[in-house]
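S.K.: Below is one structure. I have some questions about it.
Number of protein chains: 2
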Amino acid sequence: MIRNEIKALAFDVFGTVVDWRSALIREGGELGEAKGLEVDWVAFAHAWRAGYEPAMQRVRSGELPWLNLDALHRIILDGLIEQFGIDSLNEAERDRLNRVWHRLDPWPDARLGLERLRGQFIVAPLSNGNVSLLTNMAKRADLRWDCVLSVELSHHYKPDPEVYQKAAQLLDLLPEQVMMVAAHNSDLKAAQAEGFQTAFVYRTNEYGPHQTTDLEPETSFDIVAKDFSDLADQLGV
Amino acid sequence: MIRNEIKALAFDVFGTVVDWRSALIREGGELGEAKGLEVDWVAFAHAWRAGYEPAMQRVRSGELPWLNLDALHRIILDGLIEQFGIDSLNEAERDRLNRVWHRLDPWPDARLGLERLRGQFIVAPLSNGNVSLLTNMAKRADLRWDCVLSVELSHHYKPDPEVYQKAAQLLDLLPEQVMMVAAHNSDLKAAQAEGFQTAFVYRTNEYGPHQTTDLEPETSFDIVAKDFSDLADQLGV
Chain A
1290 MIRNEIKALA FDVFGTVVDW RSALIREGGE LGEAKGLEVD WVAFAHAWRA GYEPAMQRVR
1350 SGELPWLNLD ALHRIILDGL IEQFGIDSLN EAERDRLNRV WHRLDPWPDA RLGLERLRGQ
1410 FIVAPLSNGN VSLLTNMAKR ADLRWDCVLS VELSHHYKPD PEVYQKAAQL LDLLPEQVMM
1470 VAAHNSDLKA AQAEGFQTAF VYRTNEYGPH QTTDLEPETS FDIVAKDFSD LADQLGV
Chain B
1290 MIRNEIKALA FDVFGTVVDW RSALIREGGE LGEAKGLEVD WVAFAHAWRA GYEPAMQRVR
1350 SGELPWLNLD ALHRIILDGL IEQFGIDSLN EAERDRLNRV WHRLDPWPDA RLGLERLRGQ
1410 FIVAPLSNGN VSLLTNMAKR ADLRWDCVLS VELSHHYKPD PEVYQKAAQL LDLLPEQVMM
1470 VAAHNSDLKA AQAEGFQTAF VYRTNEYGPH QTTDLEPETS FDIVAKDFSD LADQLGV
């Protein structure tokens, strides 16, 4: 149930707005073809994503200083290059592969849904991706954000509370005037704890056909939507 | 002369992209009409703008803690309300008047020029305005930025060097890959000192018909342009 006037929608990006898995598998396959590499790119994509949470945890714990997501992706990638035996890639190829995360495609409903929602609300990403990643991604995919919010602006990764507090502060809004939109329970629960309104969007294919997580909302969110089009419908835009 | 490949254009906003003076005079006049106030709104607009640099200097010197531009505008406004004898305004009216800076209109060439430039470059404001101010302004005026950069992200006001360094860092670009676009010599000189490329745009009517400052570039900038359309022409887009 929507409690108050919503002024802004803050979107999780990886998995919620864009499909990271398909692009990683596709670009990996193209690179493998070009370089004659024998790699299971599905396994590679999942392994890269699986390294994400532990890498952020190393920043949270203080083991690593603040590093943005491009830098964390590169640390994980360097490990995978060894693990998957693809160290024939030169530095330019490694750097280009690392930036595949800038070149992800939106889910089919995302662009149009965002455009509808933008007519009534401020729409912004609130992502673990760094500002340049989110900016490059939006430009390539023609996603029109009103501003780009990122954990890079608070030097805390989601779901740390500082991320949500900083976003509301930069938007000059009360937490309850902001609705967090995500396909992930942990993100929404953290936003809810900071007073945000919340919308769970089903992305049950984010991890492919055998996804086991985030198949359903795990608690009471303000909106549960099939996709961005349904979200726009439910918000009356 | 353009020295290297430019990836992003960073725009000064007040005076360069938007005409602050006309909106202040217009909205002041409307408020005066509605409330029966006898005020010289031209003098009021100029006095408000004249308070801007001293207010930022109070932050730079440490006399004030970090405060964003909405907060500084309000401090200046509170003084003007006394000076111009308009203390019949209630709190909601004062707050609304303070946010006139969110409701400025672009110069006639700005929107189309930006649209052309956005086809080839990342375009972002790099303004002393806070993130919410810039976001609200762009939404109202239909200015499409790729991301919103603000001094609020470095907690330093232009022309402090940290502003330009932070912008390049967030864009993940070398300073020379960024071109600062401004109608103000001081901003461009500071950007140049940090390694940015620079474009001076003539806005000789920013302060009205009797403007005495920034009538000409005071040093060698990479581009000198009549307006954003001329800037796009010179950048070959």
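Sequence lines, in order, name chains A and B.
Numbered per this note's numbering, the first sequence spans residues 1290 to 1526.
Numbered per this note's numbering, the second sequence spans residues 1290 to 1526.
A virtual CB, placed ideally from N, CA and C, is assigned to each residue, including glycine.
(1) For the alpha helix (DSSP H) containing P1450 of chain A, name the first residue and the last one.
(2) Buried or exposed for N1474 of chain B, going by 16 or more other Cβ atoms inside 10 Å?
(3) Rounded to whole angstroms, what is the Cα-Cα separation between P1506 of chain B and L1366 of chain A?
(4) D1461 of chain B CB to nearest chain A CB: under 8 Å?
(5) Mind pulling the chain A residues with CB within less than 9 Å of A1427 of chain B?
(6) Let me know the secondary structure DSSP gives Q1486 of chain B once reduced to three states.
(7) Suppose contacts are defined by Cβ-Cβ distances below 8 Å. Is N1425 of chain A in contact with H1391 of chain A by that definition?
(8) Taking F1489 of chain A and V1467 of chain A to be in contact with their CB atoms under 8 Å, please state how far apart those CB atoms are, rounded to whole angstroms.
(9) Whole angstroms is fine: what's the gap from S1443 of chain A's alpha carbon to L1438 of chain B's?
(10) Need the endpoints of the beta strand (DSSP E) that I1512 of chain A sits in, please.
(11) Within its chain, find whatever has a CB closer than 8 Å to the CB of K1296 of chain A; leave out the 5 residues flanking it on each side and keep chain order.
(12) Tell me which same chain residues have a C-beta within less than 7 Å of the C-beta of V1328 of chain B, skipping the five on either side of it?
(13) Identify each residue in the stretch 1341–1366 of chain A for which the Cβ-Cβ distance to at least one residue of chain B is less than 8 Å, and report them in chain order.
(14) Under a three-way DSSP split, which group does I1536 of chain B fall into?
(15) Roughly how many angstroms separate the alpha carbons of W1337 of chain B and S1377 of chain B, rounded to a whole number?
(16) Over the uninterrupted beta strand (DSSP E) stretch that includes L1403 of chain A, give me the two end residues.
(17) Under 7 Å Cβ-Cβ, which residues of chain B neighbour S1421 of chain A?
(18) Counting Cβ pairs closer than 8 Å, one from the stretch 1505–1521 of chain A and one from the stretch 1396–1409 of chain A, do we hit at least three?
(19) State the Cα-Cα distance for the pair P1464 of chain B and I1314 of chain A, rounded to the nearest angstrom.
(20) Identify every residue that forms a DSSP beta bridge with M1469 of chain A.
(21) For a cutoff of 8 Å on Cβ pairs, would you count L1442 of chain A as touching chain B?
(22) Rounded to the nearest angstrom, what separates R1383 of chain A and A1360 of chain A at their Cα positions?
(23) Sort A:S1421, A:Q1500 and A:F1510 by Cα distance to R1310 of chain A and report the nearest one.
(24) DSSP on D1384 of chain B, reduced to helix/strand/coil?
(25) Please return the same chain residues whose Cβ sits closer than 8 Å to the Cβ of D1394 of chain B, not counting the five positions on each side in sequence.
(26) Do you know offhand how far C1436 of chain B's Cα is from V1331 of chain A's?
(27) What does a CB cutoff of less than 6 Å around L1326 of chain B pick up in its chain, not counting 5 residues either side in sequence?
(28) Assuming L1358 of chain B and L1422 of chain B make a contact with CB atoms under 8 Å, what is their CB distance in whole Å?
(29) Which bits of chain B does I1411 of chain A rub up against, with CB to CB less than 7 Å?
(30) Specify the secondary structure class of D1476 of chain A as computed by DSSP and reduced to three states.
(31) Could you compute how far the alpha carbon of T1508 of chain B sits from the alpha carbon of G1408 of chain B?
(32) So who's on the other strand from P1395 of chain A, going by DSSP bridges?
(33) Can you tell me the Cα-Cα spacing of H1335 of chain B and A1482 of chain B, whole angstroms?
(34) Tell me the residue span of the alpha helix (DSSP H) that contains P1464 of chain B.
(35) Cutting at 6 Å between CB atoms, please list the residues of its own chain near G1304 of chain A, excluding the five before and the five after it.
M.R.: The short version:
(1) P1450 to L1460
(2) buried
(3) 47 Å
(4) yes
(5) D1435 and C1436
(6) strand
(7) yes
(8) Contact doesn't hold; Cβ gap of about 15 Å is too wide.
(9) 14 Å
(10) I1512 to A1514
(11) F1410, I1411, L1460, L1462, Q1466 and V1467
(12) G1317, G1321, F1373 and I1375
(13) D1359
(14) Here chain B comprises residues numbered 1290 to 1526, so residue 1536 of chain B is not present and cannot be evaluated.
(15) 18 Å
(16) Taken as a continuous stretch (DSSP letters only), L1403 of chain A belongs to no beta strand (DSSP E), being part of the alpha helix (DSSP H) at A1399 to R1407.
(17) L1459, L1460 and D1461
(18) yes
(19) 34 Å
(20) A:A1299 and A:T1487
(21) yes
(22) 12 Å
(23) A:Q1500
(24) helix
(25) V1307, D1308, S1311, A1312 and A1430
(26) 32 Å
(27) I1375
(28) 6 Å
(29) T1424 and K1428
(30) helix
(31) 29 Å
(32) A:V1307
(33) 29 Å
(34) Element bounds for P1464 of chain B: n/a, residue is neither H nor E.
(35) A1472, R1492 and E1495
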